[in-house]
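Asker:
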Amino acid sequence: MSENNSIGIVAPQTAHFSEPLTLKSGAVLAQFNLVYETYGTLNADKSNAVLICHALSGTHHVAGKYTEQDKYPGWWDNLVGPGKPLDTNKFFVIGVNNLGGCHGSSGPVSINPATGKPWGSAFPIVTVEDWVNSQARLLDQLSITQLAAVIGGSLGGMQALQWTIAYPDRVRHALVIASAPNLTAQNIAFNEVARQAIITDPEFHGGDYYEHGVVPRRGLRIARMLGHITYLSDDAMGEKFGRKLKDDIKYGFNVEFEMESYLRYQGDKFAGEFDANTYLRMTRALDYYDPALAYNGDLSKALSQTQAKFLVLSFTSDWRFSPARSREIVKALLDNESTVSYAEVTAAHGHDAFLMPDKHYHAILRTYLSNIEVGGNHAK
Amino acid sequence: MQNNVNITKNVTEYRQDFAIIANWVKFGTKVLDLGCGDGELLQFLRSSLETKGYGVEKDDTNLIACVKNGINVIQMDLEDGLSGFEDQSFNTVILSQTLQAMHNTEEIVLEMLRVGKEIIVTFPNFGYWRNRMQITAGRMPVSKALPYQWYDTPNVHLCTINDFDYFCHHHNIEILERRVITDGKEVNFMPNLLGSLAMYRLKSK
Chain E
1 MSENNSIGIV APQTAHFSEP LTLKSGAVLA QFNLVYETYG TLNADKSNAV
51 LICHALSGTH HVAGKYTEQD KYPGWWDNLV GPGKPLDTNK FFVIGVNNLG
101 GCHGSSGPVS INPATGKPWG SAFPIVTVED WVNSQARLLD QLSITQLAAV
151 IGGSLGGMQA LQWTIAYPDR VRHALVIASA PNLTAQNIAF NEVARQAIIT
201 DPEFHGGDYY EHGVVPRRGL RIARMLGHIT YLSDDAMGEK FGRKLKDDIK
251 YGFNVEFEME SYLRYQGDKF AGEFDANTYL RMTRALDYYD PALAYNGDLS
301 KALSQTQAKF LVLSFTSDWR FSPARSREIV KALLDNESTV SYAEVTAAHG
351 HDAFLMPDKH YHAILRTYLS NIEVGGNHAK
Chain G
1 MQNNVNITKN VTEYRQDFAI IANWVKFGTK VLDLGCGDGE LLQFLRSSLE
51 TKGYGVEKDD TNLIACVKNG INVIQMDLED GLSGFEDQSF NTVILSQTLQ
101 AMHNTEEIVL EMLRVGKEII VTFPNFGYWR NRMQITAGRM PVSKALPYQW
151 YDTPNVHLCT INDFDYFCHH HNIEILERRV ITDGKEVNFM PNLLGSLAMY
201 RLKSK
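Going line by line, the protein sequences match chains E and G. Heads up: the first sequence begins at 1 in full-length UniProt numbering, then just goes up one per residue. Heads up: the second sequence begins at 1 in full-length UniProt numbering, then just goes up one per residue.
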């Protein structure tokens, strides 16, 4: 990616919340932290705030770099920056690490104030609803009553959707990308295999591996390898790797195919930087999210109180969050006569396409976002 | 069914077929435009009749144009039908000069009748005398209304006004109103011979 229009050097901030948060499970977090980053300037009437919700392995570090030497920028740097589709000259953009995460917000790796030790297995199960409620607290602290937009892909799209349900008057636009109104059985199955890989790792220790000075690397690595298979399309894999060999066939079980090499690299990289307890919780949040459940499976009823305007977007080769799932959301919105547009982007990259700087995809986002009205002059 | 809304002032800027469609759509109602292009008709209906409009469009470039114009647009292929739209959920469903390019012609009309309380279908009349002349001269017609050569035309199901009348009769579709225009002017005399564009307002019997 070109370095043009980068937001430049950024720094995370931490917000502390001392009011207890009751979670969907009934558990209560007496206090918690959320780590977040912001890009651009909040305008005088605070009407230009955009919240980015991250997916399974995302973080608050959406755009820019921490130091000039950083090899990679934030995970959605191709979207967010001055002059980019989500233009930080216009919008005040917020990236936040979700509760249960492992990048600074309260989660299994953070210290439980009650014990002075890492939470580990004791950190409660958090849900999409809990995340949105905690994000709303962050907005309160930033004195933002209403978001110009909330944007998310995949699990992030579920949060964007949940925002419109839980806080209808606090969201003007929701961009729900490569998402679904709940997971299919197949998706839950993939998550279960990933969790089993972690839980059955001898170094998992029931989730309290921190005190043993080990991490369930092998399990997390396999979980991530499985994930990567499902994020790509068969065609994209075929095109990128095909049956290419690194060398000659060796008649053994070491890395011989390029595909294996890629998966092992991704697995190792991820297992070195992500927390297994967080991975378990993120996949569980995915499994549990189902806003229609409280309405006998009627998604139209679940979305009947939303006031936001919607852009729903899917990718043709995404089989993990297929276009058909996005169309379910669109149908429910049409049933409610909501303001909604739906784009089905032709893309080869599978589920991962939502992170790619595809020209047409970004043109849609740029066009939609540039139409969003925000109040007058920027504060300064 | 005529509207008393004052739209005549703006009409000259727009296509004649838009003006007739606007007269068939009621103020403040819900409209679905199939093959909506850049959303021009929906914009026109919104500004003149405050309709709540949605467009269906397959083409990527048109989709972005709709988003730019602030038109609700759903990207899908009409050949797949209108699943995702509930029965009788729109006051009017419009198919403007797209019927002749559909493969699943019969299905889309029936789907429109399912989703819309009333539907509007417009198409170039293949029975128009200029087309007949060209056929008589031994060539496939090429004209302003049918600007393609036989080998590059998207039009696969051309029909005449008489054909469509028969289609409606055969499918138990009630013709509420039919208007025929040539070069922006209404044709009342021998429409199947003298009319270039046919416009129908229909509902299920």
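Using N, Cα and C, we set each Cβ at its ideal position, and we do this for glycine too.
Does the beta carbon of K26(G) come closer than 8 angstroms to any beta carbon on chain E?
Answerer: Position 26 of the second sequence, counting from 1, holds the residue named residue 26(G). So, not an interface residue.
Asker: Within 8 angstroms (strictly less), CB to CB, does I64(G) reach chain E?
Answerer: Here residue 64(G) refers to the residue found at position 64 of the second sequence. True, the Cβ-Cβ gap to chain E drops below 8 angstroms.
Asker: Contact criterion: CB-CB distance below 8 angstroms. Does E111(G) meet it with respect to chain E?
Answerer: The residue labelled residue 111(G) in the question sits at position 111 within the second sequence. Cβ-Cβ to chain E under 8 angstroms: no for E111(G).
Asker: For A149(E), name the three-state secondary structure that DSSP assigns.
Answerer: On the first sequence, residue 149(E) is found 149 positions in, with the first residue counted as 1. Looking at A149(E) - three-state DSSP - the assignment turns out to be strand.
Asker: Using C-beta distances below 8 angstroms, list every residue in its chain close to I111(E), excluding the 5 sequence neighbours before and after it, in chain order.
Answerer: Translated into the one-based positions of the first sequence, residue 111(E) becomes position 111. Here the set comprises K117, P118, W119.
Asker: Output, in sequence order along the chain, the residues in the stretch 297–329 of chain E whose CB is closer than 8 angstroms to any CB in chain G.
Answerer: Residues L311, R327.
Asker: Give, in chain order, every unbroken run of the alpha helix (DSSP H) that is at least 4 residues long and sits entirely within the stretch 112–159 of chain E.
Answerer: Counting whole runs of 4 or more residues, the stretch 112–159 of chain E contains the alpha helix (DSSP H) stretches 128–141.
Asker: Are the Cβ atoms of S154(E) and A55(E) separated by less than 8 angstroms?
Answerer: Position 154 of the first sequence, counted from the start, is the residue given in the question as residue 154(E). Position 55 of the first sequence, counted from the start, is the residue given in the question as residue 55(E). A contact, by the Cβ cut-off of 8 angstroms.
Asker: Who are T182(G)'s beta bridge partners in DSSP?
Answerer: The count along the second sequence starts at 1 and reaches residue 182(G) at position 182. Paired residue(s): K185(G).
Asker: Could you work out which residue in T278(E), S57(E), L147(E), S134(E) is closest to P108(E) when comparing CA atoms only?
Answerer: Locating residue 108(E) in the first sequence gives position 108, where the first residue counts as 1. Ranking the options by Cα distance to P108(E), first place goes to T278(E).
Asker: Span of the alpha helix (DSSP H) holding M259(E)?
Answerer: To locate residue 259(E), count along the first sequence from 1; it is residue 259. M259(E) -> alpha helix (DSSP H) spans 258–273.
Asker: Measure from the C-beta of M1(E) to each C-beta in chain G and report whether the shortest distance is under 8 angstroms.
Answerer: Taking the first residue of the first sequence as position 1, residue 1(E) is located at position 1. Residue placement at M1(E) cannot be trusted, given a pLDDT of 43 that sits under 50; the coordinates are not used to answer.
Asker: What are the boundary residues of the alpha helix (DSSP H) that T136(G) is part of?
Answerer: Counting from 1 along the second sequence, the entry for residue 136(G) is found at position 136. Residues 129–136.
Asker: Considering only C-alpha positions, which residue in the set I21(G), H157(G), Y148(G) is nearest to N104(G)?
Answerer: Residue numbering aside, residue 104(G) sits at position 104 when the second sequence is read from its first letter. Selected option, being the one with the closest Cα: H157(G).
Asker: Would you verify that the beta carbon of K117(G) is, or is not, closer than 8 angstroms to some beta carbon of chain E?
Answerer: For the purposes of this step, residue 117(G) is taken as residue 117 along the second sequence, with counting starting at 1. K117(G) does not count as touching chain E.
Asker: Can you tell me which of the three DSSP states S110(E) falls into?
Answerer: Position 110 of the first sequence, counting from 1, holds the residue named residue 110(E). Coil.
Asker: Just the C-alpha distance for F274(E) and S57(E), rounded to the nearest angstrom, thanks.
Answerer: For the purposes of this step, residue 274(E) is taken as the residue at position 274 of the first sequence. For the purposes of this step, residue 57(E) is taken as the residue at position 57 of the first sequence. Their Cα atoms are separated by approximately 8 angstroms.
Asker: G70(G) touches chain E at which residues, Cβ-Cβ below 8 angstroms?
Answerer: The residue given as residue 70(G) occupies position 70 in the second sequence. Under the 8 angstroms cutoff, chain E gives N371.
Asker: Which residues in the same chain as S134(E) place their Cβ atom closer than 8 angstroms to its Cβ, once the five residues preceding and following it in sequence are excluded?
Answerer: Within the first sequence, residue 134(E) is the residue found at index 134, counting from 1. F17, L21, F32, L34, N98, L99.
Asker: In this structure, does DSSP put D287(E) in helix, strand or coil?
Answerer: Within the first sequence, numbered from 1, the residue matching residue 287(E) stands at position 287. Reduced to three states, the DSSP call for D287(E) is helix.
Asker: Would you identify the three-state DSSP class for G53(G), choosing helix, strand or coil?
Answerer: Taking the second sequence and counting its residues from 1, one reaches residue 53(G) at position 53. Looking at G53(G) - three-state DSSP - the assignment turns out to be strand.
Asker: Would you be able to state if there are at least three C-beta pairs under 8 angstroms between the stretch 308–325 of chain E and the stretch 345–352 of chain E?
Answerer: Yes, since at least three Cβ pairs between the stretch 345–352 of chain E and the stretch 308–325 of chain E fall closer than 8 angstroms, the two stretches touch.
Asker: Please state the DSSP three-state secondary structure of S314(E).
Answerer: Against the first sequence, residue 314(E) aligns to sequence position 314. Correct three-state label for S314(E): strand.
Asker: Can you give me the start and stop residues for the alpha helix (DSSP H) that K359(E) sits inside?
Answerer: Translated into the one-based positions of the first sequence, residue 359(E) becomes position 359. 359–371 is the extent of the alpha helix (DSSP H) around K359(E).
Asker: At a Cβ cut of 7 angstroms, what residues of the stretch 84–105 of chain G count as close to chain E, listed as they run along the chain?
Answerer: Here the close residues are G84, F85, E86.
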